[in-house]
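First up is the structure itself, then whatever we jot down about it.
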Amino acid sequence: MQLMIWECQCYLPVIDYLDTDGRSNQSKDRYPPNMATNSLRVATVDNPLKCAILISGSGSGMEAMLRHQQESNCLHTTCVVISNQPDVLGINRAKQFGTPVVVVELPINLEGRARRLAHEVAIEKVLHQHSVELIILSGYMRLLSPEIVSRWAGQIVNIHPSLLPDFPGAHAHRDVIAAGATKSGCSVHYVDAGMDTGKIIAQREVSVGLDDTEETLSAKVKQIEHRLYPIVIDAIASGDYSNL
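Numbering of the sequence shown is given in my numbering, commencing with residue 61 and proceeding in unit increments.
Quick look at the structure:
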């Protein structure tokens, strides 16, 4: 089975052969401060937590994270950005920060579960090559398999554009507006085998106006996402959740 991986820093193909700011407290699954169950070490400025950011699109959230990491005394760093799409804006955005980018596309000669697992094996190879400790999903549009989630339990986080557990899934803004909700927001959570069902670390809230559309609501939520996600990773890296 042949799988194509593109190393975007030089755009040369490497072919691998694989064997196979309001606060919301509405969720009962929120982690209280200092009660995260992952086994990550406490990072230091001299030895920051090594992160990978997985993207599928424009990478605006990734850009906010990389910009935050350039600030002094940041306890985490992005070792690699992985995209499952070859021609997205996020690739160029990451390159502007000098961050290594690897495109891992789905194998074209497999289907179903075999295709999914082979794709994740290729992703994990990149993660191990870069000694990654924490996986940050930022606009990554593939649901991870229970197998990879189990292997990286407590080491994968995601940000979702709603106040979970309400409005999970890929069309949160549409669903919020259709429901006539008066508030929405974003949730950072650990990833489990379900869709947006993992333990919530932090949330922020925005109001939903009568004249809001999917586009205007998305813009509101992105503003708070770009502020919240970096400080949640700060908390994970330091082990101190008291400021969330």
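No residue lacks a Cβ here, since even glycine has one placed at the ideal position from N, Cα and C. It should be emphasised that the depicted structure is a prediction, and the values quoted were computed from it without experimental measurement.
If you draw a straight line from the C-alpha of residue i to the C-alpha of residue j, how long is it?
i	j	result
residue 298	residue 169	43 Å
residue 200	residue 296	20 Å
residue 158	residue 240	43 Å
residue 272	residue 237	8 Å
residue 198	residue 290	11 Å
residue 301	residue 149	32 Å
residue 123	residue 153	7 Å
residue 176	residue 186	16 Å
residue 119	residue 228	20 Å
residue 178	residue 269	44 Å
residue 147	residue 106	35 Å
residue 96	residue 286	Note that residue 96 scores 43 on pLDDT, short of 50, meaning its location in the model is unreliable; the coordinates nonetheless yield the value given after this. If you take the alpha carbons of residue 96 and residue 286, they lie about 22 Å apart.
residue 280	residue 224	17 Å
residue 184	residue 112	11 Å
residue 254	residue 129	29 Å
residue 303	residue 103	17 Å
residue 246	residue 264	6 Å
residue 81	residue 267	For residue 81, the predicted model reports a pLDDT of 39, less than 50, meaning its position is unreliable; a value from the coordinates is still stated below. Between residue 81 and residue 267, the C-alpha separation is close to 11 Å.
residue 135	residue 121	18 Å
residue 288	residue 221	12 Å
residue 262	residue 243	16 Å
residue 132	residue 195	22 Å
residue 143	residue 188	16 Å
Looking at the strands, I want to know which residues DSSP matches up with residue i.
i	result
residue 245	265
residue 137	110
residue 304	DSSP output for residue 304 lists no bridge partner at all.
residue 152	Answer is none; residue 152 lacks a bridge partner.
residue 115	143
residue 194	111
residue 237	BP columns for residue 237 are empty, so no partner.
Please tell me whether residue i and residue j are closer than 9 Å, where the distance is taken between their beta carbons.
i	j	result
residue 180	residue 207	yes
residue 161	residue 155	yes
residue 219	residue 249	yes
residue 284	residue 125	no
residue 167	residue 137	no
residue 100	residue 214	yes
residue 203	residue 216	no
residue 278	residue 233	yes
residue 115	residue 141	yes
residue 282	residue 193	no
Quick check on the DSSP output: the beta strand (DSSP E) that includes residue i runs from which residue to which?
i	result
residue 187	No beta strand (DSSP E) contains residue 187, which is instead part of the alpha helix (DSSP H) from 172 to 189.
Reducing DSSP to helix, strand and coil, say where residue i ends up.
i	result
residue 142	strand
residue 169	coil
residue 128	helix
residue 231	coil
residue 209	helix
residue 200	coil
Got a sec, what are the start and stop residues for the alpha helix (DSSP H) residue i sits in?
i	result
residue 161	That residue, residue 161, is in no alpha helix (DSSP H); its beta strand (DSSP E) goes 161 to 164.
residue 217	Unbroken run through residue 217 is the beta strand (DSSP E), 216 to 220; no alpha helix (DSSP H).
residue 285	274 to 298
Any heavy atom of the ligand GDP inside 8 Å of the beta-carbon of residue i?
i	result
residue 179	Among the components of this structure there are no ligands whatsoever, and the ligand GDP is therefore not found.
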